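Engineer: Heads up: take any position in the sequence shown, counting from 1, add 84, and you land on this note's numbering. Please find one structure pasted underneath; my questions will follow.
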Amino acid sequence: MTSKNRMLRNKRSNSLWGYVFISPWLLGFLIFTAGPMLASLFLSLTRYDGRNAPVFIGFGNFVKMFKDHYVWNSLLKVTLKFSMLSIPIGIICGFLLAYLLNMKVAGMKAWRTLYYLPSLISGVVIAMLWRGLFDDQYGIINYVIRQFGGSAPKWLLDPKYTLYCFLFLSVWSCGGSMIIYLSGLQGIPTELYEAAELDGCNKWQQMIHVTIPQMTPIFFYELIMGIIGSFQYFAEPMVLTKGGPAHSTEFFNLYLYNNAFKYQNMGYASALAWFLFVIILILTLLVFKSSDLWVFYDSEVKK
C-alpha cells in the first residue's frame, strides 16, 4: 500500500468517525425539526382536523388567511404593536441596567444576582405570579392604589390596559439581556476610555462615542432575538387572558394555537405557522441587511 492510498484511507476513516459522532444530533434534527417542518408545510396545503385524513386544498388556507380579520388583528394590532414597544424599551432598559450594574460599588454582585433572577423563571410561573398582583379585587397593585385614594383599574379586564401589562412583564424579565450587555461592557478595552478622557471627553461623551459603538454588535444580537421572541410571545397571554378581553391580547401565536388545538383546524394553523415564519425571516434579513450601516466591529478597524 502506497503512502497516498494510506492517507486516503485514514481520511475516509476520520470522516466516518466524524459522521458517527454527529449522528445523534443529525437524527434529532431530522426527527424533531426537519420532519415536523416538512409535515406542517404539507398540512398547510390541506384541510385537516387531526382526526380524519388530510384533504388537499392547495393554497386555500393562505387565501383564507388574508381574508381573516382575526389574523390581522392578532398580527398588527396586538403582536406588531407589542413588538414595536417591547423591543426598544427592553434594549434600552437592559443596557441602562447593565451600565449601572457595571459600576464599581460595594455589594454590586448581589444586585446583579437580584436583577438576573426573574429571567430564570419560566413564562408560566411569571404569569401566575403577576396574575395575583394584577387582580382587580385582591391584587397588591390595586390595594396600594386604593390606599392612596385612587381608582383601581381592571388591569386584565380592560382593553386599555391589558397589552401594557404584558409590556411590563417583558421588561421586568430583562435580566438575561442585562447579563449579555454587562459582559459586553466589561469587554470594552479600558484604553479606549483613557484615550477619550485625554481628548477631553466627559462621561456622557464617552458613552456616545466609545460605549455605544462598541456595544452595537450586542444591540444587533438583542434586536434579532427581540424580534423572534416578541413574535413568538405565547405563555404569558395564554395564562393571564387567553386572548381576551375582546381579542385585545390575542397574540398571533395564541391565535395559531387556538386554531390548532381549540378549533381543531390543523391545516389552517400550519399555514399560519409558515406565515409567521416568513414574517420573522423577512424582518431578520432586513436587520442583517441594515447592520452594515450601524453595527461596528473591531475587526473592521484592524483591516
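Just so it is clear, CB atoms sit at the ideal spot from N, CA and C, and this is done for glycine as well. Here the structure is a predicted model, which is why all the values come from computation and not from measurement.
1. Taking 6 Å as the limit between beta carbons, can you name the residues of its chain near F304, skipping five residues before and five after?
2. For G174, which of P273, G259, N342 has the nearest alpha-carbon?
3. Which two residues bound the contiguous alpha helix (DSSP H) that contains Y265?
4. Does the Cβ of V162 have 16 or more other Cβ atoms within 10 Å, making it buried, or fewer, making it exposed?
5. Is the beta carbon of L122 sitting closer than 8 Å to the one on F336?
6. In terms of residue numbering, what span does the alpha helix (DSSP H) encompassing R215 cover?
7. Given that a residue counts as buried once 16 or more other Cβ atoms are within 10 Å of its Cβ, and exposed if not, what is W101?
8. Just curious, the alpha helix (DSSP H) that T274 is in, first and last residue?
9. Could you check the C-alpha separation between S318 and K193 for me, to the nearest Å?
10. Starting from V434 and walking both ways along the alpha helix (DSSP H), at which residues does that stretch end?
11. Please name the residue or residues paired with R131 in a DSSP beta bridge.
12. Could you tell me whether the Cβ atoms of S128 and S267 are closer together than 8 Å?
13. To the nearest angstrom, how far is the alpha carbon of N145 from that of Y352?
14. Can you tell which of M262, G313, W288 has the C-alpha that lies nearest to the C-alpha of F361?
15. Quick one: residues in its chain with C-beta nearer than 8 Å to the C-beta of L220, no 5 flanking neighbours on either side, listed in chain order?
16. Taking the alpha carbon of I295 as the reference point, which residue from F315, Q270, W214, V147 has its own alpha carbon closest?
17. Taking contact to mean at least 3 C-beta pairs separated by less than 8 Å, is the segment 246 to 258 in contact with the segment 205 to 221?
18. Measuring CA to CA, which of I115, I308, P301 is closest to L370?
19. With the cut-off set at 8 Å, would you say I389 and G310 are in Cβ contact?
20. Using 10 angstroms around the beta-carbon of V155, count the other beta-carbons present and answer buried if the total reaches 16, otherwise exposed.
21. Whole angstroms are fine: how far does the CA of Y381 sit from the CA of K387?
22. Which of the three DSSP states is assigned to C249 in this structure?
23. Check for me: the alpha helix (DSSP H) holding E334 runs from which residue to which?
24. Hey, is the segment 319 to 335 in contact with the segment 274 to 284, meaning 3+ C-beta pairs nearer than 8 Å?
25. What residue from P297, S254, S257 has the CA that sits closest to P273's CA?
26. Skipping 5 residues on each side, what residues in its chain have a beta carbon closer than 7 Å to that of V385?
27. My output table needs one value for C177: the three-state DSSP class, helix, strand or coil.
Structural biologist: The short version:
1. Around F304: S375, V379.
2. By alpha-carbon distance to G174, the top candidate from P273, G259, N342 is G259.
3. Judged by DSSP secondary structure, Y265 falls within the alpha helix (DSSP H) whose first and last residues are 259 to 270.
4. By the 10 Å Cβ count, V162 comes out buried.
5. Between L122 and F336, the gap from beta carbon to beta carbon reaches 8 Å or more.
6. For R215, the enclosing alpha helix (DSSP H) has its first and last residue at 207 to 218.
7. W101 sits exposed, since fewer than 16 C-beta atoms from the chains shown fall within 10 Å of its C-beta.
8. For T274, the uninterrupted alpha helix (DSSP H) run begins and ends at 274 to 282, by DSSP.
9. Per the sequence presented here, residue 318 reads as Phe, with Ser not at that position. Rounded to the nearest angstrom, the two C-alpha atoms are 32 Å apart.
10. The shown model of the chain, from 85 to 387, leaves out residue 434, and the question about it has no answer.
11. In the DSSP assignment, R131 forms a beta bridge with V139.
12. No, the Cβ-Cβ distance between S128 and S267 is not below 8 Å.
13. The straight-line gap from Cα to Cα measures roughly 5 Å.
14. The shortest Cα separation from F361 among M262, G313, W288 belongs to G313.
15. For clarity, residue 220 is Asp in the given sequence; the question names Leu instead. Around D220: N226, A236, P237, K238, W239, L240, L241.
16. Just to set this straight, residue 295 is Thr in the shown sequence, not Ile. Each of F315, Q270, W214, V147 was checked against the Cα of T295, and the nearest Cα belongs to Q270.
17. Taking a cut-off of 8 Å for Cβ pairs, the segment 246 to 258 and the segment 205 to 221 touch, as three or more such pairs fall below it.
18. Nearest C-alpha to L370: I308.
19. There is simply no residue 389 to check, as the chain begins at 85 and stops at 387 in what is shown.
20. Buried, because 16 or more other Cβ atoms sit within 10 Å of the Cβ of V155.
21. Here the model assigns K387 a pLDDT of 44, short of 50, so the residue's position is not dependable, and the following value carries that caveat. Answer to the nearest angstrom: the Cα atoms are 11 Å apart.
22. When DSSP states are grouped into helix, strand and coil, C249 belongs to the helix group.
23. If you look at E334, you'll find it isn't in any alpha helix (DSSP H); DSSP assigns it neither H nor E.
24. In this structure the segment 319 to 335 does not lie against the segment 274 to 284, because fewer than three pairs of beta carbons, one per stretch, are closer than 8 Å.
25. Closest in alpha carbon position to P273, among P297, S254, S257, is P297.
26. Below a pLDDT of 50, predicted positions are generally treated as unreliable, and V385, at 48, falls in that range; the measurement from the model is reported next regardless. No residues qualify anywhere along the chain.
27. Look at C177 here: in three-state DSSP terms it is helix.
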